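J.: First to last, the sequence lines map onto chains A and B.
Take the first sequence: its letters are residues 1 to 102, numbered as in the numbering used here.
Take the second sequence: its letters are residues 103 to 813, numbered as in the numbering used here.
Where a beta carbon is used, it is the ideal one built from N, C-alpha and C, also for glycine.
Since the structure is predicted, the reported quantities are computational estimates derived from the model, not experimental observations.
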Amino acid sequence: MVPLSWYLILSAALFSVGLFGVLSRRNAVAILLGIELMLNSVNINLVAFWRYGNVMHMAGQVFAIIVFAVAAAEVSVGLALVISVYRRRNTVIADEIDLMKW
Amino acid sequence: MTTETLIWLIPLPPVLAFFLIVLFTNKSKALIHTVAVGAALLSWLGSIIVFVRALGVEHLGEHPFESSINWLPTGDTWLKVGVLVDPLTAAVLFFVAWTVLMIFLYSVGYHNFGQPAGDHDHAGLPPHGATVEEHGHKHVVPSIEPMYSRFFAFIGLFAFGMFTLVVSDNLLTLFVGWEIMGLCSYLLIGFWYGKPSARNAAVKAFMTTRVGDVFMLLGIAYLYSATGTLSFREIFTEEILHTLATVPSGVLGLSAAGLIGLLLFIGTVGKSAQFPLHVWLPDAMEGPTPVSAMIHAATMVSAGVYMVIRMFPIISLDEKTMAIVAFVGAFTALFAATIAVAQNDIKRVLAYSTISQLGFMIAALGIGAYVAAVFHLITHAFFKALLFLGSGSVIHGMEHGVLHTGNHKVDPQDMFNMGGLRKKMPITFWTFLIGGFALSGFPIITAGFWSKDEILADAFGHDHIFIFATLAIAAFMTAFYTMRQITLTFLGEPRTKEAEHAQETPWTMTTPLVILSFFAMTYGWVGIPEDFMGLHLRPSWFHEFVGSTLAEHPEALAFNWIPLLTSLVVALGGLFVGWLVYRNINSPSEDKLQIGFLKNKYYFDEIYDYIFVKPAIWFSEVLVSQWMDKGFIDVILHIFGPATQGLGAFIRNKFDLPVINRFFGDGSADVTYWFGGKLRAVQTGRIQQYLMFALVIFIAVGAALYFFLLA
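(1) Does B/K511 pass the burial test, meaning 16 or more other C-beta atoms within 10 Å, or should it be called exposed?
(2) Can you look up B/W294 in the DSSP assignment and give me helix, strand or coil?
(3) Mind pulling the alpha helix (DSSP H) runs of 4 or more residues that sit fully within the stretch 156 to 198 of chain B?
(4) Can you name the residues of chain B whose CB is closer than 7 Å to the CB of A/V22?
(5) Would you say B/R788 lies against chain A (beta-carbon separation less than 8 Å)?
(6) Just to check my reading of the structure: B/G184 and B/E168 have Cβ atoms closer than 8 Å, yes? What is that Cβ distance to the nearest angstrom?
(7) Check whether the Cβ atoms of B/P656 and B/D555 sit closer than 8 Å, and answer yes or no.
(8) Taking 8 Å as the cut-off, decide whether the C-beta atoms of B/A466 and B/D560 are in contact.
(9) When you compare the stretch 525 to 541 of chain B with the stretch 709 to 717 of chain B, are there three or more beta-carbon pairs, one atom per stretch, that lie closer than 8 Å?
(10) Consider the Cβ of B/Q785: report whether some Cβ of chain A lies at a distance smaller than 8 Å.
(11) May I ask you to report which of helix, strand or coil DSSP gives A/V55?
(12) Is B/M413 near B/H498, with beta carbons less than 8 Å apart?
(13) Taking only the alpha-carbon atoms, compute the straight-line gap between A/S76 and B/I799 and give it to the nearest angstrom.
(14) Mark B/L122 as exposed unless 16 or more other C-beta atoms lie within 10 angstroms of its C-beta, in which case mark it buried.
(15) Reducing DSSP to helix, strand and coil, say where B/I246 ends up.
(16) With B/E602 as the anchor, note down where its alpha helix (DSSP H) starts and where it stops.
(17) Return the residues of the stretch 81 to 100 of chain A that lie within a Cβ-Cβ distance of less than 8 Å from chain B, sorted by chain order.
(18) From the DSSP output, in three-state form, read off B/V234 for me.
(19) Would you mind listing the alpha helix (DSSP H) stretches within the stretch 113 to 157 of chain B that are 4+ residues and don't spill past its ends, in chain order?
(20) Which runs of the alpha helix (DSSP H), 4 residues or longer, sit entirely within the stretch 378 to 459 of chain B?
(21) Counting pairs of Cβ atoms below 8 Å between the stretch 284 to 291 of chain B and the stretch 206 to 213 of chain B, do you hit three or more?
(22) Confirm, please, whether the CB-CB distance from B/L700 to B/A576 is below 8 Å.
(23) With a cut-off of 8 Å on the beta carbons, I'd call B/G626 and B/A549 a contact; round off their distance for me.
(24) Could you tell me which residues DSSP puts in a beta bridge with B/F270?
(25) According to DSSP, is B/D69 part of a helix, a strand, or is it coil?
(26) Alpha helix (DSSP H) containing B/S333: first to last residue?
(27) Below 8 Å on the Cβ atoms is my guess for B/F377 versus B/A255; work out the distance and round it to an integer in Å.
(28) Apart from the five residues just before and just after B/I448, which ones in its own chain have a Cβ nearer than 8 Å to its Cβ?
(29) Does the Cβ-Cβ distance between B/L814 and B/V353 come in under 8 Å?
(30) For B/V269 and B/V187, which I take to be in contact (beta-carbon distance under 8 Å), what is that distance rounded to the nearest angstrom?
(31) Should B/G676 and B/F582 be called a contact, given that it needs their Cβ atoms to be closer than 8 Å?
(32) Kindly give me the distance between the Cβ atoms of B/E632 and B/L639, rounded to whole angstroms, as I take these residues to be in contact under 8 Å.
(33) So, using beta-carbon positions, are B/L259 and B/I282 closer together than 8 Å?
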């Protein structure tokens, strides 16, 4: 069995890729995709710790399922917002959606 | 109902009437006097029932009706409020109830109930009459009093004060009733407050009686501190009286009892208008006549005498106090009588005769003639109420004449404007005659004779020859000025057109006169001495009954011809001389007794004006107002004001404005504004920038935590 650290390295790498995507992509849909990557990297972490820890404690698995549910809900709301913004302003570039600036 | 409960209830109807009239029924005139007279009737009924029950009790003096409840806690003891009916109270209650009821009834007619409202009447002024058209021609009739409801409310309260005072079993509630009457007399003397003279008279009466009341309150306080109680029955026990009589007070060599008695007596001097505080009473004639009757017969002045009679066991402990009381009484009796002979106002004559008769009672008390004082108090209340109501009836009749002729310059109270009224006002004449004869002491058939004779007999029998002589002269003058009054008012021929058109007054006024004249004649017969003129009659009921109030029953005096003959001579002689002198006199200029000295009441008003009123005005206007207030306090204030203002301006300019406002207030606002201006550039609205900030801060915080906490 591969050691725990491999999973953690994979998870950290995935999280960094997601974070980079979130910070660097201009398209709002791509930012959402980055967020999904970050959430899933967390899930890998959770499941790995559950598997290498006390298997009888289900908290890691349960937490991962909750994160799935939250991620699905979040991305549906996020996409709906993006579509709504696109209809009004005809753009999905995050930098151009700056109504809240000073 | 038990007698005690009934006694508690006696004073209540008039005060309920007061509140009813003030709060609810002041619109309907008929309702007002129904409530007021009804209340007086209830109190009368209660009083008479109590009186009759008191007659049926053996040894009422030792076992009176009494009942009390705790009122104010004072440390370990209580100030109590309670009622007491012993023989003295019962006798006093009897006359108070009768006179109050009669006066209430009389007031209905006196204030012209049933007459139209006046043409130009104002509240605060006596009614001036109303013009009515009848059978095609106009004539003026009396108009109804504009402040009808106020009058009945006030006399209701007045009656409450008197009943409270009479039935109370301690000095404290007695004093409460006393002061209620003081207030009401002020309100009622100044009833026609539109007249300056009435206003002044009200203030004068209030201030003068206040002088007495202060001393009385001191006496009450001293008595309370010396004995720890104010209840009559608790004070009049042998041991307490003995202590009071033996403890020296340290003032004027009087014993504690002597000083307390003297202080309480000064209260009476104010209330009962004895010399030197007599000046308010004649001026009190400014009030409506029922008020004069109320004050001078049924209530206020009687209350003063009642109080000293009540406190007789204490006062009689010290001979010096007794001597002072006797002297003041006798002197007042003579002094007031001499003034009365020179007065022309029908009510003023009666006012001075009241002062004089009260002097008789006080003098009787001062020589220890307890029963005689009570006796004269009661007979005097009846015949003086009668005389005042009679004089009110005369004035009313004269006012009718004045309205008829329309000549308002004629004073309807001046006796020289009257004459011959016996034919115009027969009921008033006969009742007034009875009252006047009772006042003069007309033998056998009038009450005044028996009571005055008893005082003279007591003075003679107890070897107070000086007092006896003084009172005998005063009695002579009493008869003289009474006959002068009757002659000038009723006998002879009318001296003015107004007197010719005088008219008899309505039944509400004449009925009380008739009832009171019944008592003015018959009440004396309850006190006929046992061995009068050497006859062997039944023992004097009055002497037995009232005398039993005291622990030591006073002995009935042996009969002596000298005082009887004296009283016969002065009464009949005075009446005869009065008639002889005044039957042919028609104007003040023919009257030999219009001496300035007497007419101006020995200039007492002027003297008091100089000694007390002027200095008081000077004190308030010059000393206090000009020197102290304007010259001293105002100057200080004028220094303080600008100084404080200057200090305030300095602080404002040097501290508030620059430091607080500019630096802290505006400064902090400016700094915040500047920072805000700089910092708002951060708010770009670009989501990824925010995330970047968050990430940088997160890493920085994480690094810091790691560096400081973990490493």
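T.: Per the coordinate set shown:
(1) Burial is judged here by how many other beta carbons sit within 10 angstroms of a residue's own beta carbon; B/K511 has fewer than 16 and is exposed.
(2) Per DSSP, reduced to three states, the secondary structure at B/W294 is coil, with no helix or strand assignment.
(3) none
(4) Neighbours of A/V22 on chain B, chain order: L793.
(5) yes
(6) 7 Å
(7) Result no, Cβ atoms of B/P656 and B/D555 do not sit closer than 8 Å.
(8) yes
(9) no
(10) Taking Cβ atoms only, chain A reaches closer than 8 Å to B/Q785, which makes this a yes.
(11) coil
(12) no
(13) 29 Å
(14) buried
(15) B/I246 sits in coil when the DSSP states are folded into three classes, being neither helix nor strand.
(16) Annotation for B/E602: the continuous alpha helix (DSSP H) segment containing it runs 599 to 602.
(17) A94, D95, I97, D98, L99, M100
(18) strand
(19) 114 to 125, 131 to 157
(20) The qualifying runs are 382 to 385, 391 to 395, 402 to 412, 414 to 417, 421 to 442.
(21) no
(22) No; because the gap between Cβ atoms is not below 8 Å, this pair is not in contact.
(23) A Cβ-Cβ separation of about 3 Å places B/G626 in contact with B/A549 under the 8 Å criterion.
(24) Here residue 270 of chain B is Ser; the residue named in the question, Phe, does not match the sequence. The partner list for B/S270 (beta bridge, DSSP) reads B/V185.
(25) As shown, chain B starts at 103 and ends at 813. That puts residue 69 of chain B outside it, with no answer to give.
(26) Run containing B/S333: none; DSSP gives neither H nor E here.
(27) Wrong, their Cβ atoms sit about 34 Å apart, outside the cutoff.
(28) S493, V496, I497, Q515, D516, M517, M520, Q587, T591
(29) This structure gives no information on residue 814 of chain B, because the portion of chain B shown stretches from 103 to 813.
(30) 7 Å between Cβ atoms; contact.
(31) yes
(32) 6 Å
(33) yes
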